[in-house]
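Student: Dropping the structure in here first, questions after.
Protein chains: 2
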Amino acid sequence: MIYSIATVCLSGTLRQKIEAISKAGFRGIEIFENDLITHNGSVHEIRSMLDDHGLEVVTYQPFRDFEGLPAPYRQKAFDRAERKFDLMEELGTDLLMVCSSVSPQALGGIQRAADDFHELGERAAKRNMRVAYEALGWGKYVYDYRDSWEIVRRANHKNVGLCLDTFHIFSRQTELDTMLNIPGDRIFLVQVADAPSLSMDHLSWSRHYRCFPGQGDLPIGQFVSNLHATGYDGPFSLEIFNDQFRAGSTEKTARDGYRSLVYANRAAEKSADTEALEIPSVNPPSEVQFIEFAVSDNEKLALTKLLSQLGFCHAATHKRKGVELWKQGNIHLVMNMEPDSFAQNFHQQHGVSVCAVGLTCTNVGDMVERAKKLEFSPVYGNPENDTHGIPAIYGPGQSLLYMVDDADQPPHWEREFKWHEDATQHAFLNKVDHVATTMSYEEMLHSVLLYRAMFSMKTMPTVSVSDPGGLVKSQALQTPDKGVSFTLNSTQASRTVSSRILDQYAGTGVNHIALSTKDIFATAEFMVKQQTETMPVTANYYDDLAARFTLSDEVIEKLKRYNILYDEDENGSFYQLYTSMFAGRFCFEIVQRNGYQGFGAANSQMRLTMQARELMS
Amino acid sequence: MIYSIATVCLSGTLRQKIEAISKAGFRGIEIFENDLITHNGSVHEIRSMLDDHGLEVVTYQPFRDFEGLPAPYRQKAFDRAERKFDLMEELGTDLLMVCSSVSPQALGGIQRAADDFHELGERAAKRNMRVAYEALGWGKYVYDYRDSWEIVRRANHKNVGLCLDTFHIFSRQTELDTMLNIPGDRIFLVQVADAPSLSMDHLSWSRHYRCFPGQGDLPIGQFVSNLHATGYDGPFSLEIFNDQFRAGSTEKTARDGYRSLVYANRAAEKSADTEALEIPSVNPPSEVQFIEFAVSDNEKLALTKLLSQLGFCHAATHKRKGVELWKQGNIHLVMNMEPDSFAQNFHQQHGVSVCAVGLTCTNVGDMVERAKKLEFSPVYGNPENDTHGIPAIYGPGQSLLYMVDDADQPPHWEREFKWHEDATQHAFLNKVDHVATTMSYEEMLHSVLLYRAMFSMKTMPTVSVSDPGGLVKSQALQTPDKGVSFTLNSTQASRTVSSRILDQYAGTGVNHIALSTKDIFATAEFMVKQQTETMPVTANYYDDLAARFTLSDEVIEKLKRYNILYDEDENGSFYQLYTSMFAGRFCFEIVQRNGYQGFGAANSQMRLTMQARELMS
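Line order of the protein sequences matches chains A and B. If you're matching positions, the first sequence starts at 1 in UniProt numbering and goes up one per residue. If you're matching positions, the second sequence starts at 1 in UniProt numbering and goes up one per residue.
So this is what it looks like as structure tokens:
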């Protein structure tokens with residue numbers, strides 16, 4: 001199949017779009033009419049630009065309100081088509097995409113529409129053109145691909161074929177089995193779009209919320225599998241209307257688009273004629289093995305003081321570099337102060353921050369291969385300064401996601417670090433529960449695709465959380481066995497805690513790191529003894545807790561004493577305790593899960609209000 | 001009725017909300033549970049704060065998932081209520097708002113619910129408390145106010161009453177006649193919210209898109225009129241969940257909220273016991289009489305050069321001040337360079353810009369009275385520098401909207417200006433067609449309320465326009481006879497033309513002023529002779545025009561020669577011609593309407609793309 005994208009998906013001028021589309025690796029492009037109309041150059045010049053960038057125009061679109069018209073509108077529609085054929089000749093494409101009519105003048109009737117298309121096919125044939133008919137989800141009469149297929153079948157003309165669009169099919173919840181009865185060569189165009197599950201009118205949903213395959217909730221995989229069964233081998237093209245994409249970076253969006261097609265088409269068989277490439281299947285990572293902080297010497301002192309107060313010890317020191325390992329249970333926190341390292345370059349841009357997360361993986365060779373196919377170019381660090389040789393890809397905010405092979409022997413900790421056998425080992429905290437990162441809306445879609453495509457993570461339903469300065473959208477992702485969890489937060493409101501975090505980090509940044517304990521009260525008691533500053537919780541919160549849950553006064557009193565938040569779901573209970581913000585940027589969360597599956601969304605408003613208070617004071 | 005607002009409507013901490021609510025003039029407040037829970041002070045302290053600000057807590061809310069529960073949940077729900085009664089006692093309110101259950105455990109049945117409420121009434125009575133029952137639009141069994149009323153009626157307890165919420169009633173499209181059969185004293189609480197017409201699930205619509213009465217599309221007037229008929233005299237309270245409000249200015253939002261209640265309740269009869277005040281009815285303004293520019297001496301030279309190129313002449317000069325009047329047909333453009341004037345203070349903040357618009361009105365005394373009642377405090381200018389004494393209110397971006405009395409004799413132009421009888425009068429342009437202003441989303445809602453409440457303007461459906469840097473939302477408003485029209489544009493994307501305009505003006509600013517002509521081609525020909533720079537239109541646009549409309553090649557050729565845009569609707573044709581941007585800020589649009597009713601939305605993408613190109617070059 002030819003990987004393609006419609007110009008309407010991207011922001012910018014037509015020239016910027018063409019450059020970004022070519023650079024991202026696409027071979028095909030759909031020219032959206034408005035982009036051509038507003039271009040201040042001739043069609044001939046557009047064609048040269050496309051040729052220079054090695055792009056084939058897979059279709060010119062949309063041609064609207066064609067079929068079913070009575071006189072005199074019918075004749076006018078054919079005249080209009082002839083004009084578009086003129087333009088297409090100049091542009092160098094032979095396929096016009098016709099979407100089902102929404103015209104108030106249009107009349108219904110399958111046969112009437114088929115007759116119109118037969119005549120259009122005759123005219124198209126004379127010009128060596130073809131037309132592809134698409135059922136819009138909100139078409140006046142035709143809004144179901146089974147009906148558009150019946151019209152194409154009856155039009156019975158070799159120059160008239162079908163256009164299938166996943167959004168329109170799924171938004172009307174049409175079954176996919178009929179697809180299997182359509183010969184692949186009668187399908188002229190396939191448009192793929194994903195979308196979040198939203199309950200709203202089809203038109204608004206389509207025009208503002210579409211997203212790339214792998215970023216939404218539609219079962220694209222099922223569609224692609226049926227599509228392969230038809231034998232279709234034409235354009236596989238993105239047609240996404242998305243408010244964030246229209247406002248975002250042209251190049252980044254185009255790159256995400258390309259990888260989303262590779263991901264959507266991952267089951268495709270290898271074929272010399274197409275770009276449909278098999279990508280290796282991999283296991284999801286099993287755990288967060290380490291979290292690396294970019295710190296100055298002074299920040300290291302302050303941060304490790306806090307870590308000591310949480311029971312961490314300085315377990316090892318890098319043999320050659322300015323890098324320390326702080327450890328507790330199975331949690332490895334790396335302090336990187338090595339000059340000229342990735343960490344220190346990151347520090348220059350973002351200040352004290354999490355610059356990398358290491359994930360424990362199996363068969364890292366396959367993961368690297370998969371990353372390459374998905375255009376998440378793996379990096380191995382500077383061999384002068386980063387000796388471990390662990391491959392990584394760029395994650396949120398250009399931090400690194402290391403893929404640490406669990407079969408690597410001896411493990412890098414042994415190879416590279418000198419261990420301090422005399423370090424006091426506490427055992428309050430045992431593993432990383434989840435990492436919460438704040439990012440822009442645009443980067444949220446990018447990250448969802450990355451975590452799904454690379455690490456097989458599943459999304460949980462998004463939640464809106466109220467911050468004193470506005471709403472924050474929160475999206476949790478987890479590996480199937482819940483070994484690795486990330487929560488992503490973003491906001492369009494400029495005065496929220498999330499926005500302040502974004503400003504502070506000059507971009508995306510980690511907001512909190514949740515570490516799990518088996519005994520929250522023992523941990524809290526230790527923290528009190530260590531004089532650890534925790535996020536204060538209001539007294540009113542505990543009064544409300546008493547009303548909401550069946551907790552003894554004694555338990556409530558204990559929760560209150562230690563500033564511990566509490567929640568329950570149908571699976572069990574959940575305890576949360578936050579430290580104060582470190583340098584106004586991030587904090588640690590201590591959690592205890594007794595079966596509970598969520599991330600404490602019910603307590604998020606409390607946290608954000610307290611953090612806002614802390615940031616303002 | 002007691003004007004009230006729920007804390008959830010506003011951004012900020014509880015303290016900030018209480019201060020803003022009191023300052024805006026409200027007497028009542030609904031304490032939303034989360035605001036109390038996250039407040040870091042005792043309930044007692046909240047009560048003192050409320051007392052200090054003269055605010056009465058009309059209700060504590062929401063109490064969820066109460067009715068219809070089987071054992072053991074039922075008992076737990078009553079325990080929960082008792083805890084809330086404790087809290088309410090301390091807070092100093094006697095009304096608990098209970099919204100209909102969405103609990104999976106809840107069982108249906110009107111009588112079961114009524115029995116639960118009777119028992120709750122008994123408990124409430126013992127504590128001198130009352131409960132108000134509200135049908136949530138997405139309640140599990142009860143989502144219709146007629147059902148919640150039946151439950152209240154059968155509960156048959158003096159301490160159990162009804163809560164009516166306009167959003168829930170209108171979102172389910174429930175009829176309003178049943179309201180007239182409910183005795184006013186059985187209604188304990190009325191919540192008012194407006195919303196735009198959106199087709200989406202009730203919950204998302206309610207949680208993100210509600211707005212103040214007069215800002216949306218719901219028929220609030222009909223509800224209020226029925227409400228008065230019931231004899232209800234309790235709290236009239238705003239409960240708005242709106243993403244922009246949650247992120248916006250606490251004080252400004254509270255002020256808009258208060259005036260929206262005055263506006264919604266405008267038909268109310270005067271009563272000594274309530275704040276329900278009659279506001280004088282007024283006629284809409286008939287025309288834009290003048291537009292005033294804040295300019296430096298140099299900018300005046302450049303701007304009036306452009307005006308000359310459009311056929312304007314320097315018609316008059318202010319007798320005492322540095323103010324010139326430029327005129328053509330019925331269009332008056334005022335250049336204000338007078339030191340220390342409102343215009344020059346505005347200039348210091350915003351640079352060259354439109355600082356005021358004068359509207360021709362009848363009975364300005366009544367309009368001033370209406371403005372006062374609606375808390376749009378009228379201003380009269382500095383008597384030292386602004387001698388005309390014309391009252392004004394603040395419009396978008398703190399510019400002034402003057403209300404010029406058409407009965408004022410002699411008119412201010414005669415009183416204050418020396419006319420140049422020898423000035424050459426052209427007659428290409430005859431009146432102001434509309435003024436387009438760019439503003440933030442938040443200010444858009446504020447402005448819609450202002451234009452509706454003060455000038456009886458009607459909104460047209462909003463449209464989304466594609467700019468190369470993102471989507472722009474456009475809202476047109478018109479007086480009923482179309483004498484005055486404004487279009488408001490806003491965007492959340494930071495790289496759009498609209499955003500650049502906002503940045504340049506350091507806030508809201510006029511983007512273009514549309515002036516109408518009877519003969520666009522003669523005007524264009526004159527402009528060519530005057531070497532007026534116009535916004536270039538692409539050749540591809542004209543090819544597309546030929547396909548879309550039945551226009552002769554000759555007409556197309558003429559349109560193309562002069563860079564004139566064209567559109568049609570069912571009423572007629574429309575011609576548009578834009579000048580280049582003045583100082584990268586605003587431009588003039590010359591329009592000819594032959595019956596056409598819109599504002600050329602079909603050509604907006606063309607304009608924005610061209611303007612983006614101009615701003616980037």
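Heads up, the beta-carbon is just placed ideally off N, CA and C, and yes, glycines get one too.
1) Secondary structure at K252(B), three-state DSSP: helix, strand or coil?
2) Does the pairing of the segment 76-91 of chain A with the segment 542-554 of chain B give three or more beta-carbon distances under 8 Å?
3) Can you tell me whether K17(A) is buried or exposed? The criterion is at least 16 other CB atoms within 10 Å of its CB, across all chains shown.
4) Against chain B, with Cβ distances strictly below 9 Å, would I331(A) count as a contact?
5) How should V149(B) be labelled, buried or exposed, when 16 other C-beta atoms within 10 angstroms of its C-beta is the threshold for buried?
6) Output needed in chain order: residues of the segment 67-98 of chain B with a Cβ under 8 Å from some Cβ in chain A.
7) Rank E119(A), M179(A), A135(A) by C-alpha distance to the C-alpha of N159(A) and give the top, closest one.
8) If you measure between the beta carbons of T13(A) and R561(B), is that distance less than 9 Å?
9) To which residues of the same chain is S100(A) closer than 6 Å at the C-beta, ignoring the five residues directly before and after it?
10) R593(A) bridges to which residues according to DSSP?
11) Can you have a look at R320(A) and say buried or exposed, based on whether 16 or more other CB atoms are within 10 angstroms of its CB?
12) What separation, rounded to the nearest whole angstrom, lies between the Cα atoms of G395(B) and L401(B)?
13) I'd like to know whether the C-beta of Y541(A) is nearer than 9 Å to at least one C-beta of chain B.
14) Return the Cβ separation of I46(B) and H53(B) in integer angstroms, given the expectation that the two are a contact with Cβ distance under 8 Å.
15) Assess contact between the segment 589-602 of chain A and the segment 569-578 of chain A, defined as three or more Cβ pairs (one per stretch) separated by less than 8 Å. Is contact present?
16) With DSSP as the reference, please indicate the residues paired to I5(A) in a beta bridge.
17) Is the beta carbon of A125(B) sitting closer than 9 Å to the one on H157(B)?
18) Could you check whether the Cβ of M367(B) sits closer than 9 Å to any Cβ belonging to chain A?
19) Just to make sure I have the definition right: I need the residues of chain B whose C-beta is within less than 8 Å of the C-beta of S516(A). Which are they?
20) For chain A, find out if any of its Cβ atoms is closer than 9 Å to the Cβ of S490(B); answer yes or no.
21) Excluding the 5 residues flanking A601(B) on each side, which residues of the same chain have their C-beta closer than 6 Å to its C-beta?
22) Whole angstroms are fine: how far does the CA of A407(B) sit from the CA of E275(B)?
23) Kindly list, in the order they appear in chain B, the residues whose Cβ is closer than 7 Å to that of V43(A).
24) Measuring straight from C-alpha to C-alpha, what distance separates A20(B) and W205(B)?
25) From the beta carbon of M129(A), is the nearest beta carbon of chain B less than 9 Å away?
26) Determine, using beta carbons only, whether M610(B) comes closer than 9 Å to chain A.
27) With distances taken from CA atoms, which of D79(B), L189(B), R259(B), F526(B) is nearest D233(B)?
28) Taking all protein chains shown into account, decide if H44(B) is buried (16 or more other Cβ within 10 angstroms of its Cβ) or exposed.
29) Pull out every residue of the segment 456-472 of chain B whose Cβ sits closer than 9 Å to any Cβ of chain A, in chain order.
30) Per DSSP, E134(A) is paired with what?
31) Give the DSSP-derived three-state secondary structure of H318(B) in the structure shown.
32) Between the Cα of G41(B) and the Cα atoms of G389(B), E442(B), Y60(B), L91(B), which residue gives the shortest distance?
33) Comparing the C-beta of R246(B) with each C-beta of chain A, is any distance below 9 Å?
34) I'd like to check one pair, N345(B) with E292(B): are the Cβ atoms closer than 9 Å?
35) E67(A) and Q117(A) - do their beta-carbons sit closer together than 9 Å?
36) Would you mind stating whether G365(A) and I390(A) have Cβ atoms separated by less than 9 Å?
Tutor: From the atom records:
1) Taking the first residue of the second sequence as 1, we reach residue 252(B) at position 252. Reduced to three states, the DSSP call for K252(B) is helix.
2) yes
3) Indexing the first sequence from 1 puts residue 17(A) at position 17. With 16 or more other Cβ atoms within 10 Å, it is buried.
4) The residue given as residue 331(A) occupies position 331 in the first sequence. Not closer than 9 Å to any Cβ of chain B, the Cβ of I331(A) fails to qualify, so no.
5) To locate residue 149(B), count along the second sequence from 1; it is residue 149. The question names Val, but residue 149(B) is Trp in the sequence shown. Counting Cβ neighbours within 10 Å, W149(B) comes out buried, since at least 16 surround it.
6) K76, D79, R80, R83, K84, L87
7) For the purposes of this step, residue 159(A) is identified with residue 159 of the first sequence, where counting begins at 1. Checking every option, the nearest Cα to that of N159(A) belongs to E119(A).
8) Reading the first sequence from its first residue, position 13 is the one you call residue 13(A). Reading the second sequence from its first residue, position 561 is the one you call residue 561(B). Result no, Cβ atoms of T13(A) and R561(B) do not sit closer than 9 Å.
9) Taking the first sequence and counting its residues from 1, the one referred to as residue 100(A) is at position 100. Here the set comprises A135, L136, G139, V142.
10) What you label residue 593(A) is simply residue 593 of the first sequence in a count that begins at 1. Looking at the DSSP assignment, R593(A) forms a beta bridge with F574(A).
11) Taking the first residue of the first sequence as 1, we reach residue 320(A) at position 320. Classification of R320(A): exposed, given that the 10 Å Cβ count is below 16.
12) The sequence position of residue 395(B) within the second sequence is 395, counting from 1. The sequence position of residue 401(B) within the second sequence is 401, counting from 1. Using only the alpha carbons, I get a separation of about 6 Å.
13) In the first sequence, the residue the question calls residue 541(A) occupies position 541. Closer than 9 Å: yes.
14) What you label residue 46(B) is simply residue 46 of the second sequence in a count that begins at 1. What you label residue 53(B) is simply residue 53 of the second sequence in a count that begins at 1. At roughly 11 Å, the Cβ-Cβ gap does not stay under 8 Å, so I46(B) and H53(B) are not in contact.
15) yes
16) Within the first sequence, the letter at position 5 stands for residue 5(A). Note: I5(A) sits in a beta bridge opposite I29(A), L238(A).
17) Reading the second sequence from its first residue, position 125 is the one you call residue 125(B). Reading the second sequence from its first residue, position 157 is the one you call residue 157(B). Closer than 9 Å, so yes.
18) Counted from its first residue, the second sequence places residue 367(B) at position 367. False, the Cβ-Cβ gap to chain A never drops below 9 Å.
19) Here residue 516(A) refers to the residue found at position 516 of the first sequence. Residues of chain B passing the Cβ test: none, with the nearest at roughly 25 Å.
20) The residue you call residue 490(B) lines up with position 490 of the second sequence. So, not an interface residue.
21) Position 601 of the second sequence, counting from 1, holds the residue named residue 601(B). Closer than 6 Å at the Cβ level, and outside the excluded window around A601(B), lie V463.
22) Here the question's residue 275(B) lines up with position 275 in the second sequence. Here the question's residue 407(B) lines up with position 407 in the second sequence. Any reading at E275(B) is ruled out, since the residue's pLDDT is 46, under 50, leaving its predicted position unreliable.
23) As a first step, residue 43(A) is located in the first sequence; it is residue number 43 there, counting from the start. Going along chain B in sequence order, the residues near V43(A) (Cβ under 7 Å) are N540.
24) Counting from one through the second sequence, the residue named residue 20(B) turns up at place 20. Counting from one through the second sequence, the residue named residue 205(B) turns up at place 205. Using only the alpha carbons, I get a separation of about 26 Å.
25) Within the first sequence, the letter at position 129 stands for residue 129(A). Cβ-Cβ to chain B under 9 Å: no for M129(A).
26) Taking the first residue of the second sequence as 1, we reach residue 610(B) at position 610. Cβ-Cβ to chain A under 9 Å: yes for M610(B).
27) The count along the second sequence starts at 1 and reaches residue 233(B) at position 233. That would be L189(B), whose Cα lies nearest to the Cα of D233(B).
28) Residue numbering aside, residue 44(B) sits at position 44 when the second sequence is read from its first letter. Exposed, by the Cβ-count rule.
29) S464, S466, D467, P468, G469, G470, L471
30) Reading the first sequence from its first residue, position 134 is the one you call residue 134(A). For E134(A), which the question treats as bridged, DSSP gives the partners C99(A), C163(A).
31) Locating residue 318(B) in the second sequence gives position 318, counting from the first residue. H318(B): strand per DSSP, three-state reduction.
32) For this step, residue 41(B) is matched to residue 41 along the second sequence. When each option's Cα is compared against that of G41(B), the closest is L91(B).
33) Along the second sequence, read from residue 1 onward, the residue named residue 246(B) stands at position 246. At least one chain A Cβ lies under 9 Å of R246(B).
34) The sequence position of residue 292(B) within the second sequence is 292, counting from 1. The sequence position of residue 345(B) within the second sequence is 345, counting from 1. Their beta carbons are not under 9 Å apart, which means E292(B) does not touch N345(B) by this criterion.
35) Along the first sequence, one-based indexing puts residue 117(A) at 117. Along the first sequence, one-based indexing puts residue 67(A) at 67. Inspection of the sequence shows that residue 117(A) is occupied by Phe rather than by Gln. Going by C-beta atoms, F117(A) is nearer than 9 Å to E67(A).
36) Position 365 of the first sequence holds residue 365(A). Position 390 of the first sequence holds residue 390(A). Cβ distance not < 9 Å, so G365(A) and I390(A) don't count as in contact.
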